[in-house]
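Engineer: Right, I'll just put the structure down here and ask away after.
There are 2 protein chains.
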Amino acid sequence: MMADMTETPHPLYDRHADTLDRALTAISQRGYWSAYPESPSPRVYGETAAGDGKVAFEAYLGRDFPLDQVGDGSTVRTEASPFGVDLGVGYPHATADHLTTAASTALPSWRDAGPQARAGVCLEILDRLHRNVFELANAVQFTSGQAFVMAFQAGGAHALDRALEALAYAYAEMTRHPGTAGWEKAAGKGDPLRMTKTFHVVPRGVALVIGCNTFPTWNSYPGLFASLVTGNPVIVKPHPRAVLPLAVTVRYARQVLAEAGFDPNLVQLAPEAPGEKLASTLAQHPAVRIVDFTGSSEYGDWLEANARQAQVYTEKAGLNAVVIDSTDDFGGMCRNLGFTLTLYSGQMCTTSQNILIPRDGIETDQGHKSFAEVATGIATAVSKLTADPARGVELTGAIVNDGVLERLDEVTKVGESVLESRTVTHPAFPGAVVRTPTIVRLNADDTATYTREWFGPISFVIGTDSTGHSLELLRATVGEKGALTAAVYSTDDAVLDAAETAAVEVGVHLSANLTGGVFVNQSAAFSDFHGSGANAAANAALTDGAYVANRFRIVQSRRHV
Amino acid sequence: MMADMTETPHPLYDRHADTLDRALTAISQRGYWSAYPESPSPRVYGETAAGDGKVAFEAYLGRDFPLDQVGDGSTVRTEASPFGVDLGVGYPHATADHLTTAASTALPSWRDAGPQARAGVCLEILDRLHRNVFELANAVQFTSGQAFVMAFQAGGAHALDRALEALAYAYAEMTRHPGTAGWEKAAGKGDPLRMTKTFHVVPRGVALVIGCNTFPTWNSYPGLFASLVTGNPVIVKPHPRAVLPLAVTVRYARQVLAEAGFDPNLVQLAPEAPGEKLASTLAQHPAVRIVDFTGSSEYGDWLEANARQAQVYTEKAGLNAVVIDSTDDFGGMCRNLGFTLTLYSGQMCTTSQNILIPRDGIETDQGHKSFAEVATGIATAVSKLTADPARGVELTGAIVNDGVLERLDEVTKVGESVLESRTVTHPAFPGAVVRTPTIVRLNADDTATYTREWFGPISFVIGTDSTGHSLELLRATVGEKGALTAAVYSTDDAVLDAAETAAVEVGVHLSANLTGGVFVNQSAAFSDFHGSGANAAANAALTDGAYVANRFRIVQSRRHV
Chain A
13 MMADMTETPH PLYDRHADTL DRALTAISQR GYWSAYPESP SPRVYGETAA GDGKVAFEAY
73 LGRDFPLDQV GDGSTVRTEA SPFGVDLGVG YPHATADHLT TAASTALPSW RDAGPQARAG
133 VCLEILDRLH RNVFELANAV QFTSGQAFVM AFQAGGAHAL DRALEALAYA YAEMTRHPGT
193 AGWEKAAGKG DPLRMTKTFH VVPRGVALVI GCNTFPTWNS YPGLFASLVT GNPVIVKPHP
253 RAVLPLAVTV RYARQVLAEA GFDPNLVQLA PEAPGEKLAS TLAQHPAVRI VDFTGSSEYG
313 DWLEANARQA QVYTEKAGLN AVVIDSTDDF GGMCRNLGFT LTLYSGQMCT TSQNILIPRD
373 GIETDQGHKS FAEVATGIAT AVSKLTADPA RGVELTGAIV NDGVLERLDE VTKVGESVLE
433 SRTVTHPAFP GAVVRTPTIV RLNADDTATY TREWFGPISF VIGTDSTGHS LELLRATVGE
493 KGALTAAVYS TDDAVLDAAE TAAVEVGVHL SANLTGGVFV NQSAAFSDFH GSGANAAANA
553 ALTDGAYVAN RFRIVQSRRH V
Chain B
13 MMADMTETPH PLYDRHADTL DRALTAISQR GYWSAYPESP SPRVYGETAA GDGKVAFEAY
73 LGRDFPLDQV GDGSTVRTEA SPFGVDLGVG YPHATADHLT TAASTALPSW RDAGPQARAG
133 VCLEILDRLH RNVFELANAV QFTSGQAFVM AFQAGGAHAL DRALEALAYA YAEMTRHPGT
193 AGWEKAAGKG DPLRMTKTFH VVPRGVALVI GCNTFPTWNS YPGLFASLVT GNPVIVKPHP
253 RAVLPLAVTV RYARQVLAEA GFDPNLVQLA PEAPGEKLAS TLAQHPAVRI VDFTGSSEYG
313 DWLEANARQA QVYTEKAGLN AVVIDSTDDF GGMCRNLGFT LTLYSGQMCT TSQNILIPRD
373 GIETDQGHKS FAEVATGIAT AVSKLTADPA RGVELTGAIV NDGVLERLDE VTKVGESVLE
433 SRTVTHPAFP GAVVRTPTIV RLNADDTATY TREWFGPISF VIGTDSTGHS LELLRATVGE
493 KGALTAAVYS TDDAVLDAAE TAAVEVGVHL SANLTGGVFV NQSAAFSDFH GSGANAAANA
553 ALTDGAYVAN RFRIVQSRRH V
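Those protein sequences? They're chains A and B, same order as listed. The first sequence begins at 13 in the numbering used here and counts up by one. The second sequence begins at 13 in the numbering used here and counts up by one.
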């Protein structure tokens with residue numbers, strides 16, 4: 013008999029069963045829940061946690077990363093910190109054939125361990141990562157350019173929440189049927205037909221996760237853990253500029269796997285040498301049957317078209333839009349949007365780019381506001397958040413790479429600036445590349461400019477004929493190019509409903525009248541979906557049933573009793 | 013507010029809620045259950061049902077089919093009955109653009125009706141089809157060549173069960189989250205953040221179902237109802253030789269839709285004129301976002317490669333295998349396999365083709381049996397079932413098309429015949445094309461012959477070095493070309509386990525030691541999975557979570573309370 017037919021409770025499953033149960037409840041209710049506290053406060057994590065994590069991070073710098081993988085002997089060093097810190101970590105390189113062979117070898121015993129054992133081990137990996145969350149946060153900060161608190165939250169606690177969320181969906185999907193079922197059918201006057209049926213959860217094969225520069229953990233964890241818990245060995249290919257956070261992740265995952273008696277090659281790091289195109293080689297390797305990718309539309313589209321032997325999940329670029337019709341809290345609206353544009357210098361896939369405002373202005377609690385006054389209101393909010401360099405950099409962080417700087421330069425030529433980007437000297441990291449957001453005024457007919465993504469601290473206030481026209485533009489731009497987020501501000505229920513209909517039609521998640529502590533660019537695990545799969549910005553949501561159901565198959569056997 | 017935010021119970025949902033509840037229980041337990049009685053007996057369906065159904069069927073013949081679709085004015089007549097009956101039904105032709113436009117127009121109100129209303133309407137359609145199941149069975153019989161009882165069961169009751177099963181999975185998937193959720197997060201010393209989140213079930217777009225010649229309803233219904241209940245308008249493109257069963261289906265579906273106040277163009281028939289390639293045009297149409305197909309590997313592979321704008325579900329050809337190692341019921345084994353080879357003249361996608369037997373023979377309850385004795389045992393069982401023409405044709409039915417006849421001719425040249433195919437005159441339908449099964453002896457090295465699918469009443473007994481060798485060949489053939497079914501006969505638990513491991517590795521459903529009233533080519537709805545998606549014979553199972561989860565997306569909106 014194969015192992016998953018007679019599964020005995022795994023000690024790691026027992027240890028984490030309460031967490032899993034709570035997560036399963038959360039994904040069915042989609043209300044507020046979090047498993048990993050998002051505050052890095054000593055009151056939550058203890059007095060020494062932050063310092064210990066920093067020390068652990070610094071111990072990695074300037075040397076070969078301690079990873080027990082067999083490579084081809086060469087070492088990869090490709091990182092350059094947006095904070096100007098010298099990282100200098102070397103990672104063991106391995107070929108696609110070597111990685112896929114090691115992964116394939118690890119598969120059968122992991123498959124046969126069954127859903128509970130795999131869930132237990134994966135939950136223990138999450139727990140191990142959480143115990144080292146400050147180390148992880150430092151690695152995210154200094155590779156992505158996120159400020160510390162954001163790196164701790166988005167790169168640590170929230171990433172772990174999203175991983176747990178994906179794991180819970182996958183566990184629910186694997187266990188929605190029993191492992192075995194009795195079947196008894198009346199057969200005329202004779203004895204009934206009686207059979208025992210066994211339903212094996214069979215992984216697709218080797219999974220590949222291709223990480224991104226800005227959110228190396230948050231965007232990688234759902235795919236990593238959804239694939240792993242469903243039985244697929246995972247090869248983690250980090251972005252060349254953000255290797256460390258995933259190297260730390262792989263290191264602890266391998267520790268837990270080995271301790272639990274499994275082949276640590278179930279999770280492998282695949283650092284890419286310059287010009288090597290390892291991601292493409294892996295993505296088209298016959299053994300690779302699942303690919304998760306976050307990054308450019310160009311490469312995501314290439315993967316979808318060319319990694320045909322695999323199930324490909326992509327999150328790509330889009331045109332996030334805001335429709336401003338009216339508001340009963342003009343100050344709150346401006347502050348809310350200002351924060352969104354400032355956070356991580358707008359380098360989130362969810363940051364708004366196209367802010368659509370009737371060129372005749374809008375009605376507000378402060379009376380009529382002209383187009384210019386609305387634009388200035390948002391610009392002023394950004395200015396206030398970034399005026400003090402020491403406070404500003406804790407929101408903006410640093411610029412992730414030179415492509416953003418090039419766009420900041422290019423955008424000065426496309427329209428009238430409402431707010432200019434400034435260079436800021438980081439008080440703590442003089443080598444950090446810091447820029448404040450720019451806001452550029454466009455007209456509705458400047459389509460060539462605003463129908464492409466300007467990733468970075470760049471947004472447009474776009475004058476339209478009316479709110480109806482704004483909604484038309486939302487439909488057109490998101491319908492064509494996709495988006496991960498949309499927002500609407502209106503005091504008119506009919507406008508809110510029209511915006512909701514438009515959002516449903518172009519498949520984008522919509523936030524209405526955010527004026528307080530919730531921001532359009534932030535999504536809460538277990539409640540908000542990230543991506544919909546219903547427009548060009550992503551072919552899947554990061555965490556839902558559709559995201560996990562195709563990562564394994566059910567193979568049945570039946571025998572007469 | 014959009015309708016699915018404030019869904020009120022739909023009267024059709026209320027009418028069928030018990031059936032749906034029972035189906036939801038069945039798919040979570042995977043034991044025996046059926047909603048639609050499989051016996052065509054008057055004791056079940058009443059004295060007049062069979063006659064009424066026959067009359068209704070005959071009323072369609074030789075005239076234009078009564079369908080309220082607007083077409084382009086031309087009429088399609090492409091059917092030729094395997095029973096030699098003159099069908100002569102004309103169907104209204106429409107262009108791909110016309111069909112997709114009508115479908116797209118019908119989408120929004122169906123989407124906004126919400127999961128319960130859609131489920132209620134779909135359940136009412138199934139009920140309407142069930143009330144007309146004899147009419148449907150006749151239509152299946154005379155287009156597919158199935159004998160009547162099989163057409164009633166596989167084409168009627170079981171097809172409805174599979175439709176309900178897919179509908180239940182889809183309903184479970186759509187309703188696993190609430191339509192709205194409250195979210196409340198503590199925010200320091202201030203008031204907590206409070207939001208209301210709405211989760212819209214948004215269909216992918218227009219769905220296309222491409223039917224096959226042999227199982228026009230059974231293979232089409234799961235995709236049709238999974239797509240429809242998740243909000244996608246469905247265009248049904250029947251096989252040119254098996255239009256009537258799906259025309260009847262579309263007719264009743266449109267009736268129910270119209271009665272319930274929905275646009276009947278949510279379900280449209282797309283009959284294909286000779287040489288028109290309407291299926292390919294529709295499959296690549298930008299509005300078509302889901303394709304379900306059953307048929308040849310060549311066309312299924314083409315769809316997967318070319319209908320890139322759509323989610324494509326295919327069931328294709330494979331190499332179904334039987335490994336015979338030993339048995340404690342030689343007579344039962346031979347009778348069971350003989351029945352499988354005879355039923356519908358082996359024209360099932362699940363019929364065994366390659367029967368792998370050690371050339372030194374096997375141990376049985378009747379002592380050692382040589383390879384030749386095993387082959388003869390199976391051949392004799394087939395002969396007994398087909399000896400009497402009147403009884404035989406009720407199992408074999410008729411040959412579906414000339415391709416099968418050509419293969420029957422070709423196969424006489426590839427090996428030594430153990431059992432020759434005979435031409436049989438059907439006592440009731442002198443024009444029927446009836447052939448009994450042939451069994452051909454091959455050796456393990458005749459790979460060129462047995463590694464292609466010989467669809468029809470053709471199977472091979474293949475001499476191998478040992479059972480281990482047989483399992484190797486199962487792994488190699490199914491691993492390369494796929495299969496929908498595999499069977500093993502052995503008295504040795506180690507062999508059964510080895511076969512199960514091989515089946516898991518190549519992703520094929522396995523039946524062990526079938527000697528009674530369960531056959532490897534038959535699967536029971538709500539318990540057995542059909543197809544696994546884990547090998548080349550199909551990229552999905554017909555009814556499981558993975559089959560339904562990608563037919564819709566969740567689009568969220570959130571507002572402060």
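Don't be surprised by glycine CBs; every beta carbon is placed ideally from N, CA and C. Fair warning: this is a prediction, and the values are worked out from it, not measured in the lab.
1) Based on DSSP bridge pairs, tell me the residues matched to ILE451 (chain B).
2) Go ahead and label HIS380 (chain B) buried or exposed: buried means 16 or more other beta carbons lie within 10 angstroms of its beta carbon, across all protein chains shown.
3) Mind checking PRO439 (chain A): buried by the 16 CB within 10 Å criterion, or exposed?
4) To the nearest angstrom, how far is the alpha carbon of LEU179 (chain B) from that of ALA549 (chain B)?
5) Considering only their Cβ atoms, is the gap separating LYS249 (chain A) from PRO283 (chain A) smaller than 9 Å?
6) Examine chain B for any beta-carbon lying closer than 9 Å to the beta-carbon of LYS328 (chain A), and answer yes or no.
7) Can you tell me the Cα-Cα spacing of ALA15 (chain A) and THR398 (chain A), whole angstroms?
8) Less than 6 Å between C-beta atoms, sequence neighbours within five positions excluded: which residues of the same chain meet that for VAL324 (chain A)?
9) Along chain A, which residues have their Cβ under 7 Å away from the Cβ of ARG571 (chain B)?
10) Check whether chain A comes within 9 Å of HIS212 (chain B), counting only Cβ atoms and requiring the distance to be less than that.
11) Could you tell me whether the Cβ atoms of ALA115 (chain A) and VAL246 (chain A) are closer together than 9 Å?
12) Got a sec: which bits of the region 185–207 of chain B sit with their beta carbon under 7 Å from any beta carbon on chain A, in order along the chain?
13) Among residues of its own chain, excluding the 5 on either side of ALA524 (chain B), which ones have a beta-carbon nearer than 6 Å to its beta-carbon?
14) Can you give me the Cβ contacts of ALA265 (chain B) inside the same chain, cut-off strictly under 6 Å, excluding the 5 residues immediately before and after it?
15) Taking the Cβ atom as the reference point for each residue, do LEU539 (chain B) and ALA193 (chain A) lie within a distance shorter than 9 Å?
16) Any chance the region 99–119 of chain B sits against the region 366–373 of chain B, with 3 or more Cβ pairs inside 8 Å?
17) If contacts are defined as beta-carbon pairs under 8 Å, then VAL214 (chain A) and GLY404 (chain B) qualify, I think. What distance do you get, rounded to the angstrom?
18) Going by CA-CA distance only, name the one from A:GLY223, A:VAL386, A:THR242 that's closest to ARG253 (chain A).
19) Using 9 Å as the limit for Cβ to Cβ distance, is TYR325 (chain A) near chain B?
20) Could you tell me which whole alpha helix (DSSP H) segments of length 4 or greater appear in the region 52–86 of chain A?
21) Consider the Cβ of PRO120 (chain B): report whether some Cβ of chain A lies at a distance smaller than 9 Å.
22) Which class does SER121 (chain B) belong to by DSSP, given the choice of helix, strand or coil?
23) Between MET14 (chain A) and chain B, is the shortest Cβ-Cβ distance under 9 Å, so that the two count as touching?
24) Who are the neighbours of ILE566 (chain B) on chain A, taking C-beta pairs under 8 Å?
25) Determine, using beta carbons only, whether HIS521 (chain A) comes closer than 9 Å to chain B.
26) Does any C-beta atom of chain A lie closer than 9 Å to the C-beta of HIS28 (chain B)?
27) Counting contacts by CB-CB distance shorter than 9 Å, is GLY43 (chain B) in contact with chain A?
28) In three-state terms, what does DSSP make of ALA15 (chain B)?
29) Using the beta-carbon count (16 or more within 10 Å), is GLU196 (chain A) buried or exposed?
30) From LYS396 (chain A) to SER471 (chain A), what distance separates their C-alpha atoms?
31) Taking the C-alpha atoms as reference points, what is the distance between THR155 (chain B) and VAL218 (chain A)?
32) Count the C-beta pairs between the region 127–136 of chain B and the region 97–116 of chain B that are closer than 8 Å, then say yes if the count reaches three, no if not.
33) Distance check for GLU50 (chain B) and ASP173 (chain B), CA to CA, integer angstroms please.
34) How many Å lie between TYR4 (chain A) and GLY167 (chain A) at the Cα?
35) Let me know the secondary structure DSSP gives GLN378 (chain B) once reduced to three states.
36) Taking the alpha carbon of LEU290 (chain A) as the reference point, which residue from A:TYR44, A:HIS251, A:SER544, A:ALA511 has its own alpha carbon closest?
Structural biologist: The relevant details are as follows:
1) B:LEU431, B:SER471
2) Looking at its Cβ environment, which holds fewer than 16 other Cβ atoms inside 10 Å, HIS380 (chain B) is exposed.
3) exposed
4) 23 Å
5) yes
6) Not one chain B Cβ lies under 9 Å of LYS328 (chain A).
7) The predicted model places ALA15 (chain A) with a pLDDT of 42, which falls under 50 and marks its position as unreliable; any figure quoted below should be read in that light. Their backbone Cα atoms lie some 58 Å apart in a straight line.
8) Excluding positions up to five away in sequence, the list reads VAL303, LEU315, GLU316.
9) Here the neighbours are ALA524, ASN525.
10) yes
11) yes
12) GLU185, ARG188, HIS189, PRO190, ALA193, GLY194, TRP195, GLU196, LYS197, ALA199, LEU205, MET207
13) VAL500, LEU508
14) ILE137, VAL279
15) According to the sequence displayed, residue 539 (chain B) carries Ser and not Leu. In this structure, ALA193 (chain A) lies closer than 9 Å to SER539 (chain B) by Cβ.
16) In the pairwise beta carbon analysis, the region 99–119 of chain B is classified as not touching the region 366–373 of chain B: fewer than three pairs are separated by under 8 Å.
17) No, VAL214 (chain A) and GLY404 (chain B) are not in contact; Cβ-Cβ is about 39 Å, not under 8 Å.
18) A:GLY223
19) no
20) You should have 54–57, 61–72.
21) yes
22) helix
23) Here the model assigns MET14 (chain A) a pLDDT of 43, short of 50, so the residue's position is not dependable, and the following value carries that caveat. So yes, MET14 (chain A) belongs to the interface.
24) PHE541, SER544, ALA553, ASP556
25) Cβ-Cβ to chain B under 9 Å: yes for HIS521 (chain A).
26) no
27) yes
28) Annotation note: pLDDT 42 at ALA15 (chain B) (below 50); position unreliable, coordinate value reported separately. For ALA15 (chain B), the three-state secondary structure derived from DSSP is helix.
29) Within a 10 Å sphere around the beta-carbon of GLU196 (chain A) sit fewer than 16 other beta-carbons, which makes this residue exposed.
30) The alpha-carbon atoms of LYS396 (chain A) and SER471 (chain A) are separated by roughly 17 Å.
31) 44 Å
32) no
33) 10 Å
34) A question about residue 4 (chain A) goes unanswered here, because the residues of chain A that appear run from 13 up to 573.
35) GLN378 (chain B): coil per DSSP, three-state reduction.
36) A:HIS251
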